[in-house]
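Worksheet: one structure, shown below.
Number of protein chains: 2
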Amino acid sequence: MTEVKPIGRIAIIGTGVIGASWTALFLAKGLEVVATDVAPNAEAALTKFVDNAKPALQRLGLSPKASRSNLKFTADLAEAVAGADLVQENGPERIDFKQKLYGQLDALLPSDVIIASSSSGLTMSEIQKGAAEHPERCVIAHPFNPPHLIPLVEIVGGAKTSKETIRRAAEFYTSIGQRTVRLNKEMPGHVANRLQAALMREVYYLVAEGVVSAADVDTALSWGPGLRWGVMGNMMLNHLGGGQGGIEHFLQQFTAPVTAWWKTLGSPVLTPEVQKKLIDSVHAEVGSRTIDELAAERDEVLLGLLELRTKRPETAAPHSAAAK
Amino acid sequence: MTEVKPIGRIAIIGTGVIGASWTALFLAKGLEVVATDVAPNAEAALTKFVDNAKPALQRLGLSPKASRSNLKFTADLAEAVAGADLVQENGPERIDFKQKLYGQLDALLPSDVIIASSSSGLTMSEIQKGAAEHPERCVIAHPFNPPHLIPLVEIVGGAKTSKETIRRAAEFYTSIGQRTVRLNKEMPGHVANRLQAALMREVYYLVAEGVVSAADVDTALSWGPGLRWGVMGNMMLNHLGGGQGGIEHFLQQFTAPVTAWWKTLGSPVLTPEVQKKLIDSVHAEVGSRTIDELAAERDEVLLGLLELRTKRPETAAPHSAAAK
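Here the protein sequences come in this chain order: C and V. Residue numbering for the first sequence follows our numbering, starting at 1 and increasing by one per position. Residue numbering for the second sequence follows our numbering, starting at 325 and increasing by one per position.
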């Protein structure tokens, strides 16, 4: 196999919230970006997003090659992808739209250019049916929003994706400082969204049932287990939760209570009445604080935590996807 | 109602891991502690725990009144509780044992002394049946282990617990810097353990099904949603996830995909084969790193995050239990 050229130029298709955040990240990492979107104000919105993201990205560390002049915008798809080493696609989550788009991209791009989709709701096995010539270079590379702040990328191929594409994609995202995980099977919501949905189900249940207020369930999460999940993953924490006996002792000790709790977890139905209860409880928690104030607060602590985590040796996953 | 005297002296019953960690916390906050346990090496083990916990507690900030000389140990229950303003009970999780103990405590203690149980598995409605005279001063005050590092206390009464006991308990734990949540109904596992169980169920499922390795599911959690749960709770994050439209817009946008994911979440059965799969995958993640190395790493980042969170204005719960 011949050596493929390193990835230096990214085409961003779709510059909504996800595409704009990817753009800011890639620019910060010193890559060239050509972005495209058909929306009338897309270029202005993208420029504004990139400018707003800059202080946070400066704090997390810019590449010496990072430059605002590395960003180009065009409304023309063919022009956007010409010369790209990787396409990050963030189009609407409609299978007919994506299949048609992948057919166009497949025809426009040399066969060694990776087409990576940010899709959270569709599978690559379905999407790549549109790319008749080279479906093997198509892969899901799903960020956790917003990718310029949250460094997670979930990588999963479709039935026709090559191992080489998955390897190169994992290597690329890892090389720019993202943490990649590799799914061995396609799953609705991939991994991170499923974990979030699992937690959210019980949170909504407890608030809907009147067991706790939104404020109190938020306290229970963010001053309880959430503190540890900001530090390490569940499996490693379970290993440490077993003391010197590790995960084996943990499972011996906690399988009985945990499986008993599983049987009592809730399955809320989000009727209009339940939604109203959730909404009212959130507003009681929020009080007079604005969205912007709270978002600034969230991002300030998040940046501090990222600094804390990235300054230290990696604990979570020495054998992650990129090393496989 | 006459003013009750401020809580300055705590009796700790049971000095296993939870009781020892409570002891370290109460000492750090400048309180007097009399601890009791029937185990032969209990005093030495407690002393060792308190000494080991000291550097972390110094970093989080000791009360000017904190002193190692505020700790006394006795194997005698009556001596331990004499003069106590609050009892923190951490006995074995057996209802017959607890009911008998609560009967003894009820007879020994003036009626305004709160008896708080750290129980995670029993309800106060059952436990307080043992305290025939004054069941109204018995309450669950459940820490999230270890309480000297994780500042969460879940407060829930039984059928006979008075509102005044709940109010005073919430006020006391809040006054020493813990974050309290108030459950309006008794629930198996209270709140934090239920949230943890809900997440754990999907984590175990994905590893058991071979979708991801332990290392990768840990990466997905701790570099994805876990980062945000270390900062804020789910309800507030959902509010911000709706952009300027807040929680209302979030629910409009995400109810459909989230409820679709709920339908596909797993229900693993922890057979010996599944447990072996989980254990093997954790060991592949851990590699040659020891429990002590990993625990030190966890606690170092956790302390950094706590410093980060407590230095900043509170965002999670301005209307928490203590204010009710």
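We put the CB at the ideal spot given by N, CA and C, even for glycine.
Quiz item: Does DSSP classify V:SER449 as helix, strand or coil?
Solution: By one-based count along the second sequence, residue 449 of chain V stands at place 125. Residue state, collapsed to three classes: helix.
Quiz prompt | Residues, ordered as in the chain, of the stretch 430 to 441 of chain V that lie near chain C by beta-carbon distance below 8 Å | solution = none
Quiz item: Could one say the Cβ of C:HIS148 lies closer than 9 Å to chain V's Cβ atoms, at least one of them?
Solution: As a working mapping, residue 148 of chain C is identified with position 148 in the first sequence. Not one chain V Cβ lies under 9 Å of C:HIS148.
Quiz item: Hey, would you say the C-beta of C:THR165 is under 8 Å away from at least one heavy atom of the ligand HEM?
Solution: The model on display carries no ligand, and the ligand HEM is accordingly not part of it.
Self-check item: C:LEU270 at chain V interface by Cβ criterion, 9 Å
Solution: Taking the first sequence and counting its residues from 1, the one referred to as residue 270 of chain C is at position 270. So yes, C:LEU270 belongs to the interface.
Self-check item: Closest residue to V:SER444 among V:HIS563, V:PHE397, V:MET511 and V:PRO434 (Cα-Cα distance)
Solution: Taking the first residue of the second sequence as position 1, residue 444 of chain V is located at position 120. The residue with the shortest Cα to Cα distance from V:SER444 is V:MET511.
Quiz item: For the stretch 123 to 172 of chain C, which segments carrying the alpha helix (DSSP H) assignment without a break, of at least 4 residues, lie completely within its bounds, in sequence order?
Solution: 124 to 127
Quiz item: Which stretch, first to last residue, makes up the alpha helix (DSSP H) that contains V:LYS378?
Solution: If you number the second sequence from 1, residue 378 of chain V lands on position 54. Start and end: 366 to 384.
Practice problem: Please go through the same chain and pick out, in chain order, the residues whose beta-carbon is closer than 7 Å to the beta-carbon of V:LYS648, but skip the five residues on each side of it. | Solution: Numbered from 1 along the second sequence, position 324 holds the residue referred to as residue 648 of chain V. In this prediction, V:LYS648 has a pLDDT of 34, which is less than 50 and means its spatial position is unreliable; nothing more can be read from the coordinates.
Quiz prompt | Same chain, Cβ closer than 6 Å to C:MET1, five either side skipped, listed in chain order | solution = Counting from one through the first sequence, the residue named residue 1 of chain C turns up at place 1. At C:MET1 the pLDDT is 47, less than 50, meaning the model places this residue with poor confidence; the figure from the coordinates comes in the next sentence. If we look at C:MET1 and ignore the five residues flanking it on each side, it has no Cβ neighbours.
Quiz item: Beta-carbon of C:GLN104 versus every beta-carbon of chain V: anything under 9 Å?
Solution: Stepping through the first sequence from its first residue, residue 104 of chain C is reached at position 104. Not closer than 9 Å to any Cβ of chain V, the Cβ of C:GLN104 fails to qualify, so no.
Quiz prompt | Between the CA atoms of V:LYS372 and V:VAL362 - distance to the nearest angstrom | solution = Working through the second sequence from its first residue, we reach residue 362 of chain V at position 38. Working through the second sequence from its first residue, we reach residue 372 of chain V at position 48. Approximately 17 Å between the Cα atoms of the pair.
Quiz item: With 9 Å set as the bound, which would you pick, yes or no: does the beta-carbon of V:LEU629 sit closer than that to a beta-carbon of chain C?
Solution: Taking the second sequence and counting its residues from 1, the one referred to as residue 629 of chain V is at position 305. Output row for V:LEU629: interface = yes.
Quiz item: Is it a yes or a no for the stretch 91 to 106 of chain C touching the stretch 52 to 61 of chain C, going by three-plus beta-carbon pairs under 8 Å?
Solution: no
Self-check item: Proximity test, Cβ basis, 9 Å: C:VAL203 and chain V
Solution: Locating residue 203 of chain C in the first sequence gives position 203, counting from the first residue. It does; some Cβ of chain V falls within 9 Å.
Self-check item: Unbroken alpha helix (DSSP H) run spanning C:SER222, endpoints
Solution: Translated into positions along the first sequence, residue 222 of chain C becomes position 222. Element bounds for C:SER222: 214 to 222.
Quiz item: Between V:ILE336 and V:ALA368, which are expected to be in contact by the criterion C-beta below 8 Å, what is the C-beta distance as a whole number of angstroms?
Solution: In the second sequence, residue 336 of chain V corresponds to position 12, counting from 1. In the second sequence, residue 368 of chain V corresponds to position 44, counting from 1. V:ILE336 to V:ALA368, Cβ: 16 Å. No contact.
Quiz item: What are the boundary residues of the beta strand (DSSP E) that V:LYS396 is part of?
Solution: Position 72 of the second sequence, counted from the first residue, corresponds to residue 396 of chain V. Taken as a continuous stretch (DSSP letters only), the beta strand (DSSP E) holding V:LYS396 covers 395 to 397.
Self-check item: Among C:PHE26, C:VAL50 and C:ALA215, the one whose alpha carbon lies nearest that of C:GLN88
Solution: For the purposes of this step, residue 88 of chain C is taken as residue 88 along the first sequence, with counting starting at 1. The shortest C-alpha separation from C:GLN88 is found at C:PHE26.
Quiz item: In whole angstroms, what separates the C-alpha of V:ASN394 from that of V:GLU356?
Solution: Along the second sequence, one-based indexing puts residue 394 of chain V at 70. Along the second sequence, one-based indexing puts residue 356 of chain V at 32. V:ASN394 and V:GLU356: Cα-Cα distance of roughly 5 Å.
Quiz item: Do you know offhand how far V:ILE615's Cα is from C:PHE250's?
Solution: Mapped onto the second sequence, residue 615 of chain V falls at position 291. Mapped onto the first sequence, residue 250 of chain C falls at position 250. Roughly 13 Å separates the two Cα atoms.
Quiz item: I think V:ILE479 touches C:GLY224, with their Cβ atoms under 8 Å apart; what is that distance to the nearest whole Å?
Solution: In the second sequence, residue 479 of chain V corresponds to position 155, counting from 1. In the first sequence, residue 224 of chain C corresponds to position 224, counting from 1. Rounded, the Cβ-Cβ distance is 13 Å, inconsistent with contact.
Quiz item: Which of the three DSSP states, helix, strand or coil, is assigned to V:ARG392?
Solution: As a position in the second sequence, residue 392 of chain V is number 68, starting the count at 1. Residue state, collapsed to three classes: helix.
Quiz item: Around the C-beta of C:GLY241, are 16 or more other C-beta atoms found within 10 angstroms, so that it is buried, or is it exposed?
Solution: Within the first sequence, numbered from 1, the residue matching residue 241 of chain C stands at position 241. Classification of C:GLY241: buried, given that the 10 Å Cβ count is 16 or more.
Quiz item: In the stretch 172 to 204 of chain C, which residues sit with their C-beta less than 7 Å from some C-beta in chain V, listed in chain order?
Solution: ARG179, VAL181, ARG182, LEU183, ASN184, LYS185, MET187, PRO188, GLY189, VAL191, ALA192, ASN193, ARG194, LEU195, GLN196, ALA197, ALA198, LEU199, MET200, ARG201, GLU202 and VAL203
Self-check item: Cβ pair C:LEU105, C:ALA131 closer than 9 Å
Solution: By 1-based counting over the first sequence, the position of residue 105 of chain C is 105. By 1-based counting over the first sequence, the position of residue 131 of chain C is 131. Taking 9 Å as the Cβ cut-off, C:LEU105 and C:ALA131 qualify as a contacting pair.
Quiz prompt | Inter-residue spacing [alpha-carbon to alpha-carbon] between V:VAL535 and C:LEU195 | solution = Looking up residue 535 of chain V in the second sequence gives position 211. Looking up residue 195 of chain C in the first sequence gives position 195. When rounded, the distance between both Cα atoms is 13 Å.
Quiz item: Is it buried or exposed for C:ASP51, if we count other Cβ within 10 angstroms and need 16 for buried?
Solution: Taking the first sequence and counting its residues from 1, one reaches residue 51 of chain C at position 51. C:ASP51 should be labelled exposed.
Quiz item: Taking the DSSP output, what are the residues bridged to V:THR504?
Solution: Within the second sequence, the letter at position 180 stands for residue 504 of chain V. V:VAL477.
Practice problem: From the DSSP output, in three-state form, read off V:LYS353 for me. | Solution: Counted from its first residue, the second sequence places residue 353 of chain V at position 29. Correct three-state label for V:LYS353: coil.
Quiz item: Which term fits C:LYS163, buried or exposed, when burial requires 16 or more other beta carbons within 10 angstroms of its beta carbon?
Solution: Residue numbering aside, residue 163 of chain C sits at position 163 when the first sequence is read from its first letter. Classification of C:LYS163: exposed, given that the 10 Å Cβ count is below 16.
Quiz item: For C:THR264 and chain V, any beta-carbon pair shorter than 9 Å?
Solution: Looking up residue 264 of chain C in the first sequence gives position 264. Chain V contact via Cβ: present.
Self-check item: Closer than 8 Å at the beta carbon, the chain V residues around C:PRO329
Solution: No answer is possible for residue 329 of chain C: it lies beyond the span of chain C, which begins at 1 and ends at 324.
Quiz item: Residues bridged to V:ALA440 by DSSP?
Solution: Position 116 of the second sequence, counted from the start, is the residue given in the question as residue 440 of chain V. Note: V:ALA440 sits in a beta bridge opposite V:GLN412 and V:VAL463.
Quiz item: So the beta strand (DSSP E) C:ARG9 belongs to, where does it begin and stop?
Solution: In the first sequence, the residue the question calls residue 9 of chain C occupies position 9. Element bounds for C:ARG9: 9 to 13.
Practice problem: Mind checking which residues open and close the alpha helix (DSSP H) that includes V:ARG613? | Solution: By 1-based counting over the second sequence, the position of residue 613 of chain V is 289. Note, V:ARG613: premise wrong, no alpha helix (DSSP H); not H, not E.
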